[in-house]
Structures are given as structure tokens and as C-alpha cells.
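I have placed the structure first, in the form of C-alpha cells, so that the comments after it can refer back to it.
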Amino acid sequence: MQVLQVESFSNVDSTPFAHGGFADIYKGVYCVDGRSQRVAIKMVRTHVSTQDHSNKRNEHLLKEGKLWSKLEHPNVVPLFGVTSLPQRTPFCTPALVYPFYENGNLMQYAKTQSCSEQNLVELLTQAASGLSYLHSFRPNAVIHGDIKASNILVKDDGQACLTDFGLSRVLETRGYTTTSFGGTCRWMAYELLTPVDDDSEDTPPPLTKNSDVWSFGMTMLETFTLDVPYAHLRYDPTVVLAIMRKTLPRQPRVIPNAIWLLLRHCWAWCPQGRPSIHTVQAVLTAYTMAAGQLSDNEVEAIIDEAPE
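Taken in order, the sequence shown gives residues 2 to 309; the numbers are from this note's numbering.
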């Protein structure tokens with residue numbers, strides 16, 4: 002991971018324009034080789050923590066950066082490197098630096114641009130391509146762990162790309178992660194919210210490729226409706242109960258039948274019953290090629306014929 006010199010930064014905003022679970026994100030200007038570029042600067046929110054707590058979160062941020070720096074794909078936001086801006090925090094705090102995109106995230110872009118159905122499907126196909134890259138990463142696959150529209154940015158050229166790898170994990174060879182999960186319950190897979198019957202293991206269920214696919218399905222719902230999943234339920238605990246009771250969202254009018262069928266597959270209660278993100282991308286691509294006239298039978302055929 003490249004270390005960026007503090008002197009290369011200017012015009013860093015005094016207040017953040019976005020917030021994460023434990024981090025604030027500022028806008029600034031990064032200058033290298035005589036060229037200036039607007040950037041986003043992500044750093045731990047230290048003013049609400051003790052230094053010891055901040056140190057642990059800084060380690061988490063650097064771990065995110067170490068993984069992020071290995072990723073290179075048109076539909077994954079690039080990481081420029083890490084720096085430290087001591088004037089922003091009371092402690093020596095590392096900060097991750099990546100491009101700032103005026104278009105904002107997928108939800109903001111879809112709302113401000115009044116995107117057509119075709120535009121939305123294209124953006125989701127691009128996001129699926131980025132996630133497919135993560136799931137196919139070698140030597141070990143990467144699980145994003147927090148897929149939702151706010152973690153999909155739209156570049157200046159209109160391409161959708163994944164960001165925020167704070168919850169991402171690298172799969173071990175046995176096929177699942179051993180670390181605890183985070184994320185937002187409205188996008189979280191059923192198995193992550195369901196109590197484990199085995200009392201001998203007091204650990205959260207692992208994040209998997211299948212849980213990412215569930216979240217991607219919720220993200221597609223969010224993108225078409227321009228609202229959060231389970232929008233009719235005001236409180237998150239009510240959402241958790243609904244999912245635990247196996248209550249899925251109802252089909253809104255704005256989602257075509259073929260896309261809705263794909264979503265229902267993404268939300269299969271059994272994780273192994275969900276399509277891979279590669280298959281999701283294939284269905285979305287076929288939908289675009291068919292000019293939105295893809296039949297239910299054709300969707301089922303793509304899913305059934307997908308390799309294991």
C-alpha cells in the first residue's frame with residue numbers, strides 16, 4: 002500500500018461529507034506530478050473515542066487498506082494509498098485516500114439522474130461485475146460483507162463501482178470466514194440473523210459469497226424503488242423479526258417480473274440455493290440484450306444451466 006505525503010494534500014474540508022460505521026470521509030485535493038485531483042479521505046472518528054479504542058480502529062482501517070490496495074478492476078474504486086492528516090484528529094491517525102466522484106453513490110445518482118430501467122440494469126450489471134471480480138479473486142476469494150447502494154459509487158464516466166471494504170474478508174481454503182460480521186440488517190442475509198442452534202459455539206455466522214448475493218438482491222430492490230429494503234417497516238428490530246419469520250418484501254410495480262424472479266432466487270432461505278454473483282450478472286446481461294423482454298423461463302434456464 003503506497004504511503005502518500007501529507008504535503009501533497011490541500012483544501013481538505015473541515016467537516017466530513019459522509020460517515021461510515023466508525024469513520025468520517027472528507028473531501029480534499031491531492032496533487033502529484035503537477036496534477037491535482039479531488040479525493041475522498043477516510044479516517045477513524047477519533048473525537049468520540051479513547052486513544053486505545055482509536056488505535057484498534059486504526060488497525061482495522063489499515064487492514065481494510067491492505068486488502069483494498071490489492072484490488073484492481075474497472076468496477077472497484079481504486080485506492081490511491083494511505084496518509085496521515087494530524088490537523089484533523091488529536092492523535093496520529095491514518096487515512097485511506099481514493100477518488101471523489103461528483104455523481105455520488107448509486108442511490109444518489111439514480112435519484113438525481115432520473116435513470117431509466119435500462120440505465121438501472123446497466124449500473125447493477127456493472128456492480129455485479131465488480132462483486133464477481135471479488136468472489137473470483139485469487140489466491141482466495143474476497144467477501145465484501147456490506148453490499149448496498151451507498152457502497153456503490155458512480156464514476157465520472159457513469160460506471161458503477163464498489164467501495165467500502167471495511168467489512169470485507171478473505172475466504173480461507175475451507176470456504177468461509179472466521180471473523181464476525183457487521184453490516185446493516187435491512188440488507189443482511191437470513192442466515193446471519195438467525196440464531197445458531199449449536200450452543201457450543203458462541204460466534205456469529207460467517208460471511209459468505211451467498212450472503213453477499215442476498216445483499217446484492219436487496220440492493221437491486223433498493224435501486225429500483227429508490228428506497229431502503231422493507232421501507233414499510235420503520236424500525237430495524239422489526240425488520241430483523243420479519244426476516245427471521247421468513248417474510249420477504251413484496252414485488253413493487255417498478256420491478257419487472259424477470260428481475261423480480263432473479264431477486265427471489267437471490268433471497269433463497271437456504272444459502273446454497275442462491276445463484277452465484279456470476280449468474281446474477283449473466284441474467285442482468287441477458288435482460289439488457291433482450292431489451293427487457295426476458296421471460297421467466299429464460300431466467301430459470303440461465304440459473305439452472307449455471308455451473309456449480
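Just so it is clear, CB atoms sit at the ideal spot from N, CA and C, and this is done for glycine as well. Model, not experiment: these values are computed from the prediction.
Quiz item: K43 to A129, Cα distance in whole Å?
Solution: As a first step, residue 43 must be located in the sequence shown, where it is residue number 42. As a first step, residue 129 must be located in the sequence shown, where it is residue number 128. Roughly 24 Å separates the two Cα atoms.
Quiz prompt | Close Cβ partners of L80 (< 7 Å) along its chain, the five nearest in sequence each way excluded | solution = Counting from 1 along the sequence shown, the entry for residue 80 is found at position 79. Excluding sequence neighbours, L80 sits near G66, W69, S70, L97 and Y99.
Practice problem: Note down the Cα distance separating D34 from P17, rounded to an integer number of angstroms. | Solution: Along the sequence shown, read from residue 1 onward, the residue named residue 34 stands at position 33. Along the sequence shown, read from residue 1 onward, the residue named residue 17 stands at position 16. Cα to Cα, D34 sits roughly 27 Å from P17.
Quiz item: Whole beta strand (DSSP E) runs in the segment 59-86 with 3 or more residues, listed along the chain?
Solution: Whole beta strand (DSSP E) segments, 3+ residues: 82-85.
Exercise. State the beta-bridge partners of Y110 as determined by DSSP.
Key: Here the question's residue 110 lines up with position 109 in the sequence shown. Per DSSP, none; premise fails for Y110.
Quiz item: Any idea if C271 is buried or exposed, counting beta-carbon neighbours within 10 angstroms, 16 or more meaning buried?
Solution: What you label residue 271 is simply residue 270 of the sequence shown in a count that begins at 1. By the 10 Å Cβ count, C271 comes out exposed.
Quiz item: Using a Cβ-Cβ cut-off of 7 Å (strictly less than) and excluding sequence neighbours within five positions of V300, which residues of its own chain qualify?
Solution: Taking the sequence shown and counting its residues from 1, the one referred to as residue 300 is at position 299. Cβ-Cβ distances below 7 Å link V300 to A259, L262, L263 and V284 in the same chain, with the five nearest sequence neighbours on each side left out; the list follows chain order.
Exercise. Please classify A291: does DSSP put it in a helix, a strand, or coil?
Key: Your numbering for residue 291 matches position 290 in the sequence shown. DSSP places A291 in coil when its eight states are reduced to three.
Practice problem: Look up G377 in the DSSP assignment and give the residues it is bridged to. | Solution: This structure does not reach residue 377, given that the chain is present from 2 up to 309, and the question cannot be answered.
Self-check item: Helix, strand or coil at S181 [DSSP, three-state]
Solution: The residue labelled residue 181 in the question sits at position 180 within the sequence shown. Because S181 carries a pLDDT of 40, less than 50, the predicted location of this residue cannot be relied on, and the following value inherits that uncertainty. Assignment of S181 by DSSP, reduced to helix, strand and coil, places it in the coil class.
Practice problem: Please report the residue range of the alpha helix (DSSP H) in which A129 lies. | Solution: Mapped onto the sequence shown, residue 129 falls at position 128. Note, A129: alpha helix (DSSP H), E118 to H136.
Quiz item: Using a Cβ-Cβ cut-off of 6 Å (strictly less than) and excluding sequence neighbours within five positions of K149, which residues of its own chain qualify?
Solution: The sequence position of residue 149 within the sequence shown is 148, counting from 1. Beyond the five residues adjoining it in sequence on each side, K149 comes within less than 6 Å, by CB distance, of W188 and T220 in the same chain, given in chain order.
Quiz prompt | Residue from R235, V241, D237 and P95 with nearest C-alpha to L194 | solution = For this step, residue 194 is matched to residue 193 along the sequence shown. With respect to the C-alpha of L194, the residue from R235, V241, D237 and P95 having the closest C-alpha is V241.
Quiz prompt | Assigned secondary structure, F217 (DSSP; H/G/I helix, E/B strand, else coil) | solution = As a position in the sequence shown, residue 217 is number 216, starting the count at 1. Helix at F217.
Quiz prompt | Beta-carbon proximity list for E310, same chain, < 8 Å, skipping 5 on both sides | solution = Coverage of the chain is limited to positions 2 through 309, which leaves residue 310 absent and any answer about it impossible.
Quiz prompt | Beta-bridge partners of L263, as assigned by DSSP | solution = On the sequence shown, residue 263 is found 262 positions in, with the first residue counted as 1. When beta bridges are read from the DSSP output, L263 appears opposite no residue.
Quiz item: From S216 to N12, what distance separates their C-alpha atoms?
Solution: Position 215 of the sequence shown, counting from 1, holds the residue named residue 216. Position 11 of the sequence shown, counting from 1, holds the residue named residue 12. Taking the straight line from one Cα to the other gives about 36 Å.
Practice problem: Within the same chain, show all residues whose beta-carbon is closer than 8 Å to that of Y134, passing over the 5 residues directly before and after it, in chain order. | Solution: Looking up residue 134 in the sequence shown gives position 133. Excluding five sequence positions before and after Y134, the CB atoms of its chain that fall closer than 8 Å to its own CB belong to L72, H74, N76 and V77, given in chain order.
Quiz item: From R251 to W268, what does the alpha carbon distance come to, in whole angstroms?
Solution: Here residue 251 corresponds to residue number 250 of the sequence shown, with the count starting at 1. Here residue 268 corresponds to residue number 267 of the sequence shown, with the count starting at 1. Roughly 12 Å separates the two Cα atoms.
Self-check item: Bridge partner(s) assigned by DSSP for H20
Solution: Position 19 of the sequence shown, counted from the start, is the residue given in the question as residue 20. DSSP, once it has assigned bridges, lists D25 as partnering H20.
Quiz item: In terms of residues, what are the limits of the beta strand (DSSP E) holding A269?
Solution: Taking the sequence shown and counting its residues from 1, one reaches residue 269 at position 268. Membership of A269 in any beta strand (DSSP E) is not indicated, and neither H nor E is assigned to it by DSSP.
Self-check item: Best match in L249, D25 and G21 for proximity to D14 [C-alpha to C-alpha]
Solution: Here residue 14 is taken as the residue at index 13 of the sequence shown, counted from 1. Closest option to D14, judged by alpha-carbon separation, among L249, D25 and G21: D25.
Quiz item: Which term fits S277, buried or exposed, when burial requires 16 or more other beta carbons within 10 angstroms of its beta carbon?
Solution: Here residue 277 corresponds to residue number 276 of the sequence shown, with the count starting at 1. S277 is buried by the Cβ-count criterion.
Self-check item: Proximity to G293 [Cα-Cα], best of T239, N120 and H266
Solution: Taking the sequence shown and counting its residues from 1, one reaches residue 293 at position 292. Of the listed residues, the one whose Cα sits closest to G293 is N120.
Quiz item: How many angstroms separate the CA atom of P230 from the CA atom of Q160?
Solution: Translated into positions along the sequence shown, residue 230 becomes position 229. Translated into positions along the sequence shown, residue 160 becomes position 159. Spanning the two alpha carbons is a distance of roughly 23 Å.
Quiz item: Shortest alpha-carbon distance to H279 belongs to which of I304, F101, T289 and S115?
Solution: Sequence index remark: in the sequence shown, residue 279 carries index 278 (1-based). Nearest of I304, F101, T289 and S115 to H279, Cα basis: I304.
Exercise. Can you have a look at M290 and say buried or exposed, based on whether 16 or more other CB atoms are within 10 angstroms of its CB?
Key: Within the sequence shown, residue 290 is the residue found at index 289, counting from 1. Exposed, since its Cβ has fewer than 16 Cβ neighbours within 10 Å.
Self-check item: Other residues of its chain near K210: CB distance less than 6 Å, five sequence neighbours each side excluded
Solution: For the purposes of this step, residue 210 is identified with residue 209 of the sequence shown, where counting begins at 1. The residues are H136.
Quiz prompt | Among A142, N141 and L124, the one whose alpha carbon lies nearest that of I153 | solution = If you number the sequence shown from 1, residue 153 lands on position 152. Cα-wise, what sits closest to I153 is L124.
Practice problem: State the DSSP-derived secondary structure class of S212, mapped to helix, strand or coil. | Solution: For the purposes of this step, residue 212 is identified with residue 211 of the sequence shown, where counting begins at 1. Helix, per DSSP.
Quiz item: Comparing alpha-carbon positions, which option in L222, C162 and G21 lies nearest R254?
Solution: Here the question's residue 254 lines up with position 253 in the sequence shown. Shortest Cα-Cα distance from R254 to any of L222, C162 and G21 involves L222.
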